[in-house]
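Engineer: What follows is a structure written as structure tokens; I'll ask about it next.
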Amino acid sequence: MTSFLRSDRSPAVAVWLLAMAALVLAMIVVGGATRLTDSGLSITEWRPVTGAIPPLSEADWQAEFRQYQEIPQYEQVNRGMSLGEFKAIYWWEWAHRLLGRVIGLAFFAPFVWFAVRRQIPRRLLPRLAILFVLGGLQGLIGWWMVASGLVDRVSVAPERLTVHLGLAFALLGALVWTALDAWAGWARQTLPSPWGRRALVLLALIFVQILLGALVAGNDAGFIYNDFPLFDGRLLPEDYAGQSFWATLAHSQGAVQLHHRLFAYLLLVVAVATGAGAWRSSYLARETKLLAVATATAVVFQAALGIATLMARVPIALGLAHQVVAALTLCLAVAFAWRVRRI
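Residues 31 to 373 in the working numbering are what the sequence shown spells out, letter by letter.
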């Protein structure tokens, strides 16, 4: 077996992890398309192995279609749809699940290869093992989410969608951070300054805003109150309060959209202040300053894109763009938070 080129770094592992991050980003995009096309409930069974094979005959397609016809979404939303229309939504969900299987294989096989060749820095082995477990857990959470829409609902539960999407973004951020660690190695000197905390606060705010956006998506709240900055001409949405605290927090269309908007204002202020402060700082390296400014710029652009998406009533192209830019913004914030701790 070959030895480490250096005990705490491996550029090859870093490239592999960045490729994994790209696959997770693709998964987020396909998942977004699946949601926006209302395709997520088209496959009503979870078959981790045999489910990789799509229907191969007319009889197979009819069997899948009959299973879909038994759930509330067909009865209440898509009753009378043709087999051809069913195939269109089926392929989105099948592609989403297939990509999940591809990601699992693309992580496991290189991990074993690098581990056998002792090219993975020892300090990263536990972290990579945790990422693999979380990736497998994501499949279970995905089915838990889908199952919520097969009985008594015509769509998945918003809070389960939020957990599923939140874990996907967490995995994306962790892969980027770990790739940077693998590329650069252990930090020889860290910065004893408040910038590390500021960068982590900004990263946390971006992640929370993504979760709030997931609640908006799960409640289809982007299809109402399509004016800005008011809510159908009002300062606050008329239907803000639900029947309980949880109903308001997770299931009220007016509430989830208001929370997403208000948190966006907070995030904008923090991001711009952080970017401006970093640029003026004499303590930070130029590369770190550029990452801070890039993150702040991405937050501003994402806010503008979110307004455009809302006012256009969430067309698929804009909805996907809004999700992609959220992922890229998170990656920039991760890179900034990682870089700000190093000289």
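We put the CB at the ideal spot given by N, CA and C, even for glycine.
When you compare the CB positions of LEU292 and VAL329, do they come within less than 8 Å of one another, or not?
Structural biologist: Cβ distance not < 8 Å, so LEU292 and VAL329 don't count as in contact.
Engineer: Going straight from the alpha carbon of ALA301 to that of ALA326, what length do you get?
Structural biologist: Their Cα atoms are separated by approximately 5 Å.
Engineer: Output the boundary residues of the alpha helix (DSSP H) element that contains GLN239.
Structural biologist: Residues 225–248.
Engineer: Can you list, in chain order, the residues of its chain with a C-beta nearer than 7 Å to that of ALA363? Leave out the 5 residues immediately preceding and following it.
Structural biologist: Excluding residues within five positions, the ones whose Cβ falls inside 7 Å are LEU232, LEU233, ILE236, THR325.
Engineer: For MET374, count neighbouring C-beta atoms within 10 Å of its own C-beta (all shown protein chains included) and say buried if the count is 16 or more, exposed if not.
Structural biologist: Given a span of 31 to 373 for the chain in the structure shown, any question on residue 374 remains unanswerable.
Engineer: Go to PRO188, then tell me how far its alpha helix (DSSP H) extends in each direction, as first and last residue.
Structural biologist: Residues 188–214.
Engineer: Kindly indicate which three-state DSSP category PHE137 falls into: helix, strand or coil?
Structural biologist: Helix at PHE137.
Engineer: In the DSSP output, which residue or residues are listed as bridge partners for ARG153?
Structural biologist: Looking at the DSSP assignment, ARG153 forms no beta bridge with any residue, so it has no partner.
Engineer: Using a 10 Å radius around the Cβ and a threshold of 16 neighbouring Cβ atoms, would you call ILE346 buried or exposed?
Structural biologist: Answer is exposed; the Cβ neighbour count stays below 16.
Engineer: Please report the distance separating the alpha-carbon of ALA38 from that of PHE144.
Structural biologist: Checking the sequence shown, residue 38 turns out to be Asp, not Ala. Distance between the alpha carbons of ASP38 and PHE144 is about 14 Å.
Engineer: Could you give the residue range of the alpha helix (DSSP H) that holds VAL59?
Structural biologist: Segment 41–66, the alpha helix (DSSP H) holding VAL59.
Engineer: Can the beta-carbon of ARG127 be found closer than 8 Å to that of GLY81?
Structural biologist: Their beta carbons are under 8 Å apart, which means ARG127 touches GLY81 by this criterion.
Engineer: Going by other Cβ atoms of all chains shown within 10 Å of its Cβ, with 16 needed for buried, is LEU321 buried or exposed?
Structural biologist: Buried, because 16 or more other Cβ atoms sit within 10 Å of the Cβ of LEU321.
Engineer: When every heavy atom of the ligand COA is checked, does at least one fall within less than 7 Å of the C-beta of GLY349?
Structural biologist: This structure does not include the ligand COA; it has no bound ligands of any sort.
Engineer: Which stretch, first to last residue, makes up the alpha helix (DSSP H) that contains VAL107?
Structural biologist: Neither: VAL107 is in no alpha helix (DSSP H) and is coded neither H nor E.
Engineer: At a cut of 8 Å, does the region 140–157 reach the region 87–103 through at least three beta carbon pairs?
Structural biologist: Because the criterion of three Cβ pairs below 8 Å is not met, the region 140–157 and the region 87–103 do not touch.
Engineer: Indicate whether the contact test is met: 3 or more Cβ pairs, each with one atom in the region 52–61 and one in the region 118–137, closer than 8 Å.
Structural biologist: The answer is yes - the region 118–137 touches the region 52–61, with three or more Cβ pairs under 8 Å.
Engineer: Do ALA214 and LEU161 have their beta-carbon atoms positioned less than 8 Å apart in this structure?
Structural biologist: No, the Cβ-Cβ distance between LEU161 and ALA214 is not below 8 Å.
Engineer: What's the C-alpha gap between VAL181 and PRO102?
Structural biologist: Between VAL181 and PRO102, the C-alpha separation is close to 7 Å.
Engineer: For my contact list, ALA244 and LEU191 are in at a C-beta cut-off of 8 Å; report their separation, rounded to the angstrom.
Structural biologist: So it is a contact: roughly 6 Å between Cβ atoms.
Engineer: Exposed or buried, what is PRO151 when buried is set at 16 or more other beta-carbons lying within 10 Å of its beta-carbon?
Structural biologist: Counting Cβ neighbours within 10 Å, PRO151 comes out buried, since at least 16 surround it.
Engineer: Taking DSSP's pairing of strands, which residues face ARG30 in a bridge?
Structural biologist: This structure cannot settle anything about residue 30, because the visible part of the chain is limited to 31 through 373.
Engineer: Starting from ALA346, follow the alpha helix (DSSP H) in both directions and report where the run begins and ends.
Structural biologist: The amino acid occupying residue 346 in the given sequence is Ile; Ala does not appear at that position. It spans 346–369 - the alpha helix (DSSP H) in which ILE346 sits, taken as one unbroken run.
Engineer: For ARG372, which three-state DSSP category applies?
Structural biologist: Residue state, collapsed to three classes: strand.
Engineer: May I ask which residues mark the beginning and end of the alpha helix (DSSP H) holding TYR295?
Structural biologist: That run of the alpha helix (DSSP H) goes 283–310.
Engineer: Which one of LEU266, GLN283, GLY248, GLN353 has the shortest CA to CA distance from LEU273?
Structural biologist: Before going further, note that residue 273 is Gln rather than Leu in the sequence given. GLN273 has its Cα closest to that of GLN283, out of LEU266, GLN283, GLY248, GLN353.
Engineer: Any chance the region 108–126 sits against the region 69–88, with 3 or more Cβ pairs inside 8 Å?
Structural biologist: Result yes; three or more Cβ-Cβ pairs closer than 8 Å.
Engineer: Is DSSP giving TRP121 helix, strand or coil here?
Structural biologist: Reduced to three states, the DSSP call for TRP121 is helix.
Engineer: Is the beta carbon of ALA280 less than 8 Å from the beta carbon of ALA333?
Structural biologist: Contact: no.
Engineer: Please report the straight-line C-alpha distance between PRO206 and CYS361, rounded to a whole angstrom.
Structural biologist: Correcting the residue identity first, residue 206 is Val in this sequence and not Pro. Cα to Cα, VAL206 sits roughly 7 Å from CYS361.
Engineer: Report, in whole angstroms, the separation of the C-beta atoms of VAL299 and VAL246, which I expect to be a contact under 8 Å.
Structural biologist: Not a contact, Cβ separation roughly 20 Å.
Engineer: With distances taken between CB atoms, is the gap from PHE366 to ALA229 smaller than 8 Å?
Structural biologist: Result yes, Cβ atoms of PHE366 and ALA229 sit closer than 8 Å.
Engineer: Mark VAL370 as exposed unless 16 or more other C-beta atoms lie within 10 angstroms of its C-beta, in which case mark it buried.
Structural biologist: VAL370 should be labelled buried.
Engineer: Helix, strand or coil for ASP90? Go by DSSP, reduced to three states.
Structural biologist: In this structure, ASP90 counts as helix in the three-state DSSP scheme.
Engineer: Within the continuous alpha helix (DSSP H) that includes GLN332, where are the two ends?
Structural biologist: Unbroken alpha helix (DSSP H) run through GLN332: 316–341.
Engineer: Find the nearest neighbour of ALA251 within the set ARG183, VAL344, ARG372, ARG77, judged by alpha-carbon distance.
Structural biologist: Among ARG183, VAL344, ARG372, ARG77, the Cα nearest to that of ALA251 is on VAL344.
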